[in-house]
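There are 2 protein chains.
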Amino acid sequence: MAIIPFYKPTLRRKDMDAVLQTMVDERIGPGERKNLFLKEFCDRIGFAHGVALRTVIDAMICGLKILNLPEGSRIGTGVLAPSYYEDVVRSLGYELLLGDIDKEHGCLSQAEADRLVQEEGCKALLLHEPVCQIPFGVDYKELGVPVMEDISQSIGSSFEERNAGSWGDLVVCSFEEDGVVSCGGGAALVFNEKEHKTAATELLSNTGSHVELPDMNAALGLIQLAALDEHLHRRRELYSLYTKSLMKTHHRLFGIGHIDFEPNGYGFCTTLDSKAEDVIAFAKKYEVSAKRTFADSLASHHQEAFETYPVALPAFHRSISLPIYPFLSQSDLQVILKVIAHLP
Amino acid sequence: MAIIPFYKPTLRRKDMDAVLQTMVDERIGPGERKNLFLKEFCDRIGFAHGVALRTVIDAMICGLKILNLPEGSRIGTGVLAPSYYEDVVRSLGYELLLGDIDKEHGCLSQAEADRLVQEEGCKALLLHEPVCQIPFGVDYKELGVPVMEDISQSIGSSFEERNAGSWGDLVVCSFEEDGVVSCGGGAALVFNEKEHKTAATELLSNTGSHVELPDMNAALGLIQLAALDEHLHRRRELYSLYTKSLMKTHHRLFGIGHIDFEPNGYGFCTTLDSKAEDVIAFAKKYEVSAKRTFADSLASHHQEAFETYPVALPAFHRSISLPIYPFLSQSDLQVILKVIAHLP
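Protein sequences, first through last, are from chains L and V. The first sequence maps to residues 1 to 344 in this note's numbering. The second sequence maps to residues 345 to 688 in this note's numbering.
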């Protein structure tokens, strides 16, 4: 039996045909399909304008630049955000400050957001929403600084009708191979303000055609967006099955457990009582890939700071994720459910 | 009759199959094909190491970063280089200084390179090789500062066995839709120094998987590289036919006219005696796209500086390019040859 891969893009005949068509049409670079993809994404997330770029790094840098923050500004984020947030913020000469997460939803906690803005003087917040989670009950925007919400792992998640993408003044989303929506690679940044649109256009005036998403990749994204609801449906089904299996153990689901939460099923993450390495080895014995969820997060540079990040650090050390994607076969699914139900 | 497009990527069944296969294999993000493409590119250009990224902007930034230049360094380049060179250099806090081009080959002249390094104190040179050209007879490396050579428009060009890519300590190449080698979008940076490899690896440690070329795009690049010699052969044939047609007029070919020059046929550029706009309109009358070759170059910000850039500025104002690519039909070719022979 081959090992069940950790993730798989959801690619059907339609996806392949769309990419193929860009080559038949000899339109593979950034063009009309890029524009169309961006429009569909804007409509889906509920924003008016945006840019579709090749990397989430560029998208975040673009987002921060159009905010026109003072030189050397402090920027706040949660400590479970990806390490590359540091690269983004530093490349602009800003300083990244970290806050602890909320136990309920795994995103930056309200109290920590308050501290970062009011005490530490952060001029903007980068809101990372880890594995399906959204910060229900929090309103960062009230703090009066711009919020850039990263829905790469939460696109499609909702809680009582409030969707991922509704917490930010700007929203960024990456479309990597492991994403719920994939372009093979790429990202979008969306916003509503006219002045942001003007600033983004100005910013890309020289580089545009070299950094915007190629049509070859956008064509894939278009089909992925069109199939998103179907994919979300399946991912949620799986998430729900996994959750039930997990209830047979003493382990806890990471993040929101509320019945009104509709996760996007980007990932399935549990925070263990036991050592992550042992559980990963256990899963591997049954040919199931498992990974430490937050190994590449900013917390990796603060591994011992339990007093500063009392909620995030245990999650950092002891959270693992298991494979979850629409293309899991029925037999794979049974194996994974069994592994979850018996996690040591 | 439809207008003959300005460029067309050279996409055959093989290219399509290769891209399709990445989707069938569910390996569309940066992975093995990216590595393979990079290796093939390194071998072709004659370098040991490198990175394959999604944008030429990132590739150039990576190149400058691994050179580890002093803060606020001055960087020299030719005034016909693309405008985005300014974005690249500024994003790192460096200052871009411009030099005039050589009348013979259109690249930065030896005298101007000397001035930029010895008088102006430039700590590195960015060598742009416009439309097929290579700087034969010049050796920038003797000046003792690192040279980053951009072969996006010259890959495959050679003069007496010396190839594009042999003038730089580092070489960068973009693979856009209009390139001789296309990935739909993307770029590579290659180098020989071990320490550059270490620096590049360190630089990409957090961001790597988000900025490296997706396999979907790399798969296309692999086939394009495999077919490169065949494409170069056809492009050179066309270039030679165009050149002969141009000799029936009083217009001059841009750059090297020497018989030992093997252009890559990326573009066909002539510097006019007449107004560019008139000639573009003339070509359009016969359904042939034509464009001002250097409209987007750095010279666009110095349009009146004829005394500072006596060679480049006439080229900036009065150079036009005509369609040249392997997929030109025989009838299109005849029309273009006729238009060239009668350029007003």
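C-beta atoms are modelled at their ideal positions from N, C-alpha and C, and glycine is treated no differently.
Local Cβ density within 10 Å of V:Ile-600, reported as buried at 16 or more and exposed below that: Sequence index remark: in the second sequence, residue 600 of chain V carries index 256 (1-based). So V:Ile-600 ends up on the buried side.
Under the three-state DSSP convention, the category L:Leu-97 falls into: Walking along the first sequence from the start, residue 97 of chain L turns up at place 97. Here L:Leu-97 sits in strand by DSSP.
Proximity test, V:Ser-435 beta-carbon vs the ligand GTP heavy atom, cut-off 8 angstroms: You won't find the ligand GTP in this model; it holds no ligand whatsoever.
contact_flag[the segment 202-222 of chain L, the segment 418-432 of chain V] where n(CB pairs < 8 angstroms) is 3 or more: yes
Reduced DSSP category for L:Lys-291 - H, G, I as helix; E, B as strand; rest coil: The count along the first sequence starts at 1 and reaches residue 291 of chain L at position 291. Of the three classes helix, strand and coil, the one that applies to L:Lys-291 here is strand, per DSSP.
Uninterrupted alpha helix (DSSP H) stretches inside the segment 197-249 of chain L (no shorter than 4 residues): 208-211, 215-226 and 228-246
Interface residues of chain V facing L:Ser-83 [CB-CB closer than 9 angstroms]: By 1-based counting over the first sequence, the position of residue 83 of chain L is 83. Correct list: Ser-549, Asn-550 and Thr-551.
C-beta neighbour in chain L for V:Arg-398, strict 9 angstroms: Sequence index remark: in the second sequence, residue 398 of chain V carries index 54 (1-based). It does; some Cβ of chain L falls within 9 angstroms.
is_contact[L:Val-211, chain V] using C-beta, thresh 9 angstroms: Taking the first residue of the first sequence as 1, we reach residue 211 of chain L at position 211. Closer than 9 angstroms: yes.
Candidates L:Glu-120, L:Pro-135, L:Gly-265 and L:Ala-226: closest to L:Val-145 by CA position: Position 145 of the first sequence, counted from the first residue, corresponds to residue 145 of chain L. The shortest Cα separation from L:Val-145 among L:Glu-120, L:Pro-135, L:Gly-265 and L:Ala-226 belongs to L:Glu-120.
Within 9 angstroms of chain V by C-beta, residues of the segment 146-174 of chain L in sequence order: Ser-174
Segment limits, beta strand (DSSP E) that includes L:Thr-271: Here residue 271 of chain L refers to the residue found at position 271 of the first sequence. 268-271 is the span of the beta strand (DSSP E), which, as asked, contains L:Thr-271.
Proximity test, Cβ basis, 9 angstroms: L:Phe-327 and chain V: Here the question's residue 327 of chain L lines up with position 327 in the first sequence. Yes, its Cβ sits closer than 9 angstroms to a Cβ of chain V.
Members of the segment 352-369 of chain V that neighbour chain L once the beta carbon cut-off is set at 7 angstroms: Lys-352, Pro-353, Leu-355, Asp-359, Met-360, Val-363, Leu-364 and Met-367
Span of the alpha helix (DSSP H) around L:Ser-331: As a first step, residue 331 of chain L must be located in the first sequence, where it is residue number 331. L:Ser-331 -> alpha helix (DSSP H) spans 330-341.
Cα-Cα separation between L:Tyr-325 and L:Gly-265, rounded to whole angstroms: If you number the first sequence from 1, residue 325 of chain L lands on position 325. If you number the first sequence from 1, residue 265 of chain L lands on position 265. Each residue's Cα considered, the two are about 8 angstroms apart.
V:Leu-642 versus V:Pro-414, V:Ile-445, V:Thr-542 and V:His-393, residue with shortest Cα-Cα distance: The residue given as residue 642 of chain V occupies position 298 in the second sequence. That would be V:Ile-445, whose Cα lies nearest to the Cα of V:Leu-642.
Alpha carbon of V:Ile-495 to alpha carbon of V:Trp-511, nearest angstrom: For this step, residue 495 of chain V is matched to residue 151 along the second sequence. For this step, residue 511 of chain V is matched to residue 167 along the second sequence. About 10 angstroms.
Any C-beta of chain L under 9 angstroms from that of V:Pro-374: On the second sequence, residue 374 of chain V is found 30 positions in, with the first residue counted as 1. Cβ-Cβ to chain L under 9 angstroms: yes for V:Pro-374.
is_contact[V:Arg-636, chain L] using C-beta, thresh 9 angstroms: Taking the second sequence and counting its residues from 1, one reaches residue 636 of chain V at position 292. Chain L contact via Cβ: absent.
DSSP state of V:Val-605 mapped onto helix, strand, coil: Residue mapping note: residue 605 of chain V aligns to position 261 of the second sequence, counting from 1. In the sequence as presented, Val is not what sits at residue 605 of chain V; that position holds Phe. Strand, per DSSP.
Delimiting residues of the beta strand (DSSP E) encompassing V:Val-534: Within the second sequence, the letter at position 190 stands for residue 534 of chain V. Counting along the chain, the beta strand (DSSP E) containing V:Val-534 begins and ends at 531-535.
Local Cβ density within 10 Å of V:Pro-374, reported as buried at 16 or more and exposed below that: Looking up residue 374 of chain V in the second sequence gives position 30. So V:Pro-374 ends up on the buried side.
Exposed unless 16 or more other CB atoms sit within 10 angstroms - verdict on L:Ala-281: For this step, residue 281 of chain L is matched to residue 281 along the first sequence. Flag for L:Ala-281 reads exposed.
Residue-chain proximity (V:Asn-561, chain L), Cβ-Cβ < 9 angstroms: Taking the second sequence and counting its residues from 1, the one referred to as residue 561 of chain V is at position 217. At least one chain L Cβ lies under 9 angstroms of V:Asn-561.
Contact residues within the segment 404-428 of chain V, judged by C-beta distance below 8 angstroms to chain L: Pro-426, Ser-427 and Tyr-428
Buried or exposed (CB count within 10 angstroms, at least 16 for buried), L:Val-24: For the purposes of this step, residue 24 of chain L is identified with residue 24 of the first sequence, where counting begins at 1. Exposed: under 16 other Cβ atoms inside 10 Å.
Closer than 9 angstroms to chain B by CB, V:Gly-528: Among the protein chains of the structure shown, namely L and V, there is no chain B.
Within chain L, the residues that V:Ile-401 reaches when beta carbons sit closer than 7 angstroms: Position 57 of the second sequence holds residue 401 of chain V. What V:Ile-401 touches in chain L: Thr-207, His-210 and Val-211.
Rounded separation between L:Leu-38 and V:Ile-567 - CA only: Position 38 of the first sequence, counted from the first residue, corresponds to residue 38 of chain L. Position 223 of the second sequence, counted from the first residue, corresponds to residue 567 of chain V. Their Cα atoms are separated by approximately 29 angstroms.
Residues bridged to L:Leu-126 (per DSSP): Reading the first sequence from its first residue, position 126 is the one you call residue 126 of chain L. Answer by DSSP bridge pairing, in chain order: L:Thr-77 and L:Met-148.
Range of the contiguous beta strand (DSSP E) that encloses L:Ala-281: Position 281 of the first sequence, counted from the first residue, corresponds to residue 281 of chain L. L:Ala-281 -> not in any beta strand (DSSP E); alpha helix (DSSP H) instead, spanning 276-285.
Top-ranked residue by Cα proximity to L:Pro-130, from L:Gly-106, L:Val-279 and L:Gln-118: The sequence position of residue 130 of chain L within the first sequence is 130, counting from 1. When only C-alpha atoms are compared, the closest one is L:Gly-106.
Collapsed DSSP secondary structure at V:Ser-526 in the structure displayed: Counted from its first residue, the second sequence places residue 526 of chain V at position 182. Coil.
Own chain residues within Cβ distance below 6 angstroms of V:Ala-659, not counting five before or after: Working through the second sequence from its first residue, we reach residue 659 of chain V at position 315. Hits under 6 angstroms: Thr-615.
Cross-chain neighbours of V:Asp-431 in chain L, by beta carbon under 8 angstroms: Sequence index remark: in the second sequence, residue 431 of chain V carries index 87 (1-based). By Cβ distance, chain L contributes Asn-206 and Thr-207.
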